[in-house]
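K.L.:
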Amino acid sequence: MERSIRKLFWFFTVLFLALIAQLSYLQVWAAPELRTHANNTRAVESEMRVERGSVVSSDGVLLAGNRKEGVYFLRDYPVGDLVSPWLGYSSLRYGRSGLERAYNLELAGETDALVVRSYIDLLTGRPHRGADLVLTIDSRVQRAAVEALGGAPGAVVALDPRTGAVLAMTSSPRFDPRTLDEDWASLIEDESRPLVDRAVQGLYPPGSVFKLVVAAAGLEEGVVTPGTMFEDEGSWLAGGYRVSNNDGKVFGEHDFAEALTRSINTTFAKVGVDLGADTLARYAAGFGIGSALSWRLGGAAGSFPAPAGLDTAHVAQASFGQGEVLVTPLQMALITAGIANGGTVMVPYLVAEVRDYSQIVLEKTGPTRASSPISEATAGEVRDMMVQVVERGTGTAAAISGVEVAGKTGTAQVEGGESHAWFVGFAPADDPTIVVAVLVEHGGSGGGTAAPIARAVLRAGLER
Amino acid sequence: MTSRSKELLFLLPAMLLTTIGFAIVFVRQAEAFELISLAPGAAFLGLFGLLHVVRRLVVPAADPYLLPITALLSSLGILMIYRVEPRLAAQQAVWLVVGSVAFVIVLVGLRRFERLLEYKYLIGLGGIALLVLTMVAGREVYGARLWIRVGPVGFQPPEFAKLFLVVFFAAYLDQVREMLTVSTRRFLGVALPPLRHLGPLITIWGLSLALMIFLKDLGTSLLFFGTLLALIYVATGRFFYVVVGAGLFAGGASVLYRIFPHVQLRVGIWLDPWQDPLGRGYQLVQSLFAFAAGGLFGRGLGEGYLHLASGSTIIPALETDFIFSAIGEELGLVGAVAIVLLYLVFVQRGLRVAVRSHDDFARLLATGLTAVFGLQAFLILGGVTKLIPLTGITLPFVSYGGSSIVSNFCLLALLLAVSERAAGGAPRDAAGRAALEAGVRTGTAAQDRPGRAAGARTGSA
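Those sequence lines, one after another, are chains A and B.
Using the working numbering, read the first sequence as starting at 1 and increasing by one per residue.
Using the working numbering, read the second sequence as starting at 1 and increasing by one per residue.
1. Rounded to the nearest angstrom, how far is the Cβ of B/L318 from that of B/K386, given a contact under 8 Å?
2. How would you call B/A371, buried or exposed, if buried means at least 16 neighbouring beta carbons within 10 angstroms?
3. Does the region 188-196 of chain A touch the region 365-385 of chain A, meaning 3 or more C-beta pairs lie closer than 8 Å?
4. Cβ closer than 7 Å: which chain B residues qualify as neighbours of A/S4?
5. Of all the CB atoms in chain A, is at least one closer than 8 Å to the CB of B/P427?
6. Is there a Cβ from chain A that is less than 8 Å from the Cβ of B/L278?
7. Going by DSSP, what residues sit across from A/E363 in a beta bridge?
8. Do the CB positions of A/V156 and A/V436 come within less than 8 Å of each other?
9. Using a Cβ-Cβ cutoff of less than 8 Å, which residues in the same chain neighbour A/L462 once the five nearest sequence positions on both sides are dropped?
10. CB A/P226 to CB A/E381, shorter than 8 Å?
11. Determine, using beta carbons only, whether B/G368 and B/A170 come nearer to each other than 8 Å.
12. Could you list which residues in chain B have their beta carbon closer than 9 Å to that of A/T449, in chain order?
13. Could you check if A/V115 is buried or exposed, using at least 16 other CB atoms within 10 Å of its CB as the buried criterion?
14. In the DSSP assignment, find the alpha helix (DSSP H) that holds A/W184 and state where it starts and stops.
15. Taking Cβ-Cβ distances shorter than 8 Å, what residues in chain B pair up with A/G9?
16. How would you label A/L29, buried or exposed, when you count the other beta carbons within 10 angstroms and need 16 or more for buried?
17. Using a threshold of 8 Å, state whether the C-beta atoms of A/G302 and A/L326 are closer than that.
18. CB-CB under 6 Å to B/V267, same chain, minus the five flanking residues each way: which ones, in chain order?
19. Would you call A/M229 buried or exposed, if buried means 16 or more other Cβ atoms sit within 10 Å of its Cβ?
20. Okay, do the region 3-14 of chain B and the region 68-80 of chain B touch, 3+ Cβ pairs below 8 Å being the bar?
21. Give the interface partners of A/R42 over in chain B, defined as CB-CB distance under 7 Å, in chain order.
22. Determine whether the beta carbon atoms of A/G425 and A/V390 lie at a separation below 8 Å.
23. Count the CB pairs spanning the region 204-217 of chain A and the region 311-321 of chain A that are closer than 8 Å, and state whether there are at least three.
24. Are the CB atoms of A/V134 and A/L350 within a distance shorter than 8 Å?
25. Please confirm whether B/E329 and B/F291 have their CB atoms less than 8 Å apart.
26. Are A/T449 and A/A421 close, meaning C-beta to C-beta below 8 Å?
27. Could you work out which residue in B/T203, B/L51, B/I24, B/N408 is closest to B/L8 when comparing CA atoms only?
28. Any idea what DSSP makes of A/I374, helix, strand or coil?
29. Taking a cut of 9 Å between CB atoms, which residues from the region 366-378 of chain B lie near chain A?
30. For B/V406, I'd like the list of residues in its chain whose CB is within less than 7 Å of its CB, leaving aside the five on either flank, ordered along the chain.
31. List the residues of chain B whose Cβ lies closer than 8 Å to the Cβ of A/L203, in chain order.
32. What do you get for A/P127, buried or exposed, if any count of 16 or more other CB atoms within 10 angstroms of its CB means buried?
33. Rounded to whole angstroms, what is the Cα-Cα separation between B/V136 and B/L215?
34. Regarding A/A300 and the ligand ADP, is the C-beta to nearest heavy atom distance less than 7 Å?
35. For A/A352, tell me which candidate among A/A379, A/G150, A/W295, A/D255 has the shortest Cα-Cα distance.
36. Apart from the five residues just before and just after B/H307, which ones in its own chain have a Cβ nearer than 7 Å to its Cβ?
Shown next, in the form of structure tokens:
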């Protein structure tokens, strides 16, 4: 009997050793795979235990923070939808978008820059926290942009042309991140697409604001000077395509500066055809059209048609921003900023600093040059012409008393609908501190709809 | 050091674990250390200190490791239950006290455990009656019919039936052992015992299958059957019975597998829980995630992810059947293996009691009690780790539940009583008794317990 009992013990030993083997398999060998399994919600849970970094505007307004419920931190957006198009959301159910996604490693406290901090936290027993983001956004300019755009579908972008720092950026319609989970079903169904950030993702024909690129190219290439004389008869035939002015106006004899002031299509078609498809394409690329933005927020690259496929008719069309030219509002703001900044386009940035919770700066973004498509002299000439646009041309609605404003209107024709209204501009014209680009979808004339919005944003920017 | 002091020494880890564990969990919740954080440890110290004193007085020579292992397991259990739901931990504390009272009663009342022999059929019938009661009056929880209500208290008769049946098996086998080992007929070259002595085996086989049918309780039927096989093996020393028994069970089970969808379901989930990870496989899949989350060292006491935002536990039945998953998550592989080894040590000590016992009934009783305890632990530990198909059954001393706690305390008391006799009591069997009466050391007794004077009684037993 004793022998049988001993054997029974060995049987139990085998059973329990099998258990230990299975435990080792689960907890060590298969653990990495199990932890990242699609049905495993524990990853989300562990993130909820870490206080996610806050997002603060340059003037110290909290844009995203947390509220604590039990041991969990829930994301809170005190300013509601003010910055939602690009700040995005961090939802347990629907994931992340915008900055919340682009800077998730920093915000969740998992970036390499926080390794030392995490270690110190571990040693001192302090709860680990995500890193904070300090933005370039100025809440006052942002609020002015949001209020000026109102409920109209469209986008506004404001930059500091000297650095590329984004001062304000908005898109309409947009979503409220505080009620995202409840609104989700209707948000994704909504045909006005409130989840799309029109400022960086929306592609639009630029219309007459693209004349700035043509003017810069013409002046830089020496094809024209501001004083070069042109004759307008209301329309011009280019390769079988009839170019005509807005509202069928006839301007008669005028110089090139006047052509920009009055936004004369026939003259720009002539200059564009003179430059040729290759040169136009080169300048469009030089100003950044067709390249993805080198920032983490991503966005559409825009497009200028391949020169090989462009006949005279299409070149003429492209010269006043119609046809197959497509840009985002942010790109238009950057092109304008290039002119305002003496011919040098800066890389845009939205996040000025990443800081840990004791305010130690982990990462700092400074001004970076993107390209210099034109000389300072050419930029000066274009700027002077743009001042005329606001003083006595199509953009007078953007004028601010006591400040010289430079600008350009655009009224981009859309098939089967009202035109898109554009305005791009900057102030003060002689030493620009703010550039703005406004797009209102199907808003009608740029000078009528977009210019007043731009004026409000420029004013807020100058007062900051 | 005397074995008594050894026990007191080994009780210390359990006390420390309870004290420090509760303090950690409390501090994590309150974010401040308060003196109240030490209260559970103090209460636990008091309770097991008392049990130690009782044991010292009643069964002074009994195994000194069993009570500390129990203390460790139940302290870890109540700590994890507190993590799941503080209200349940308070109830569990009450059950521990009730269990301790039952422990004392059984220990004092059954010091002369051989009296059980006289009532073996009554006990066997009692065990079956408990099961029948469950069939008739039981309510279904998680697809198994295990509970009956007695006033406000839920009661799980199978937990007690297992004790009754172990005592009956041991007593019955003690009686028919000789006849089972003497084969009278041969069939296909295999020696067969007289059929009438196989009666109980067949009866229990039928009973286990009936359990599966009526109670839908795979775990308990497997437990009963496994324990019976272990006992028959130890009683006869013939592996042949194990093969036949296992074959019978497998045959019956495979028929039931075909007939009953819930059996197929359990096995299907075990084979591939990922087929329906949000539905039928959810509980097991979440258990595996919990173990994976724990990793080598665990997430730390109080750090596990046990609850959903709604407050309910992620793993259903976390405080009972799946308590080990929570331990695996918070204490990691290190803690989980420690638990497994504690059970193995318990089994080792229990079987050591069996080996050292002087008579067959004591041996069989100790073996049965140990086997049912170890097998129950293995079935649920294996189930929640996907080593074997999951069967709903409690983890002894750790899971939440009054019936489980009280019945296992009774089991422990009985085992200690047998242990006391093994260490110092008189041999009961005929040869030993004769030897005692003659005052002569017989060869049998000396062979049984080499190196120790048989019949040298110590203590007051």
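Ideal Cβ placement from N, Cα and C applies to all residues, glycine included.
P.N.:
Reading off the structure:
1. No, B/L318 and B/K386 are not in contact; Cβ-Cβ is about 16 Å, not under 8 Å.
2. buried
3. no
4. Y233, V234, G237
5. Reliability fails at B/P427, whose pLDDT of 41 lies under 50, so the model's placement of it is uncertain and the value that follows must be treated cautiously. No, because no Cβ of chain A sits closer than 8 Å to the Cβ of B/P427.
6. yes
7. A/V354
8. yes
9. I400, V403, A427, P428, T433, I434
10. yes
11. yes
12. Those within 9 Å of A/T449 in chain B number zero; the least Cβ separation is about 46 Å.
13. exposed
14. 180-189
15. Inspection of the sequence shows that residue 9 of chain A is occupied by Phe rather than by Gly. Within chain B, the residues near A/F9 are V347, Q348, L351.
16. The displayed chain sequence assigns Trp, not Leu, to residue 29 of chain A. By the 10 Å Cβ count, A/W29 comes out exposed.
17. yes
18. P389
19. exposed
20. yes
21. F289, A293, Y305
22. yes
23. yes
24. no
25. yes
26. yes
27. B/L51
28. coil
29. A366, T367, T370, A371, G374, L375, A377, F378
30. W95, V98, G99, A102
31. By Cβ distance, chain B contributes nothing, its closest Cβ being about 40 Å from A/L203, past 8 Å.
32. exposed
33. 10 Å
34. By its list of ligands, the structure shown contains no ligand whatsoever, and the ligand ADP lies outside what it can speak to.
35. A/W295
36. T313, I314
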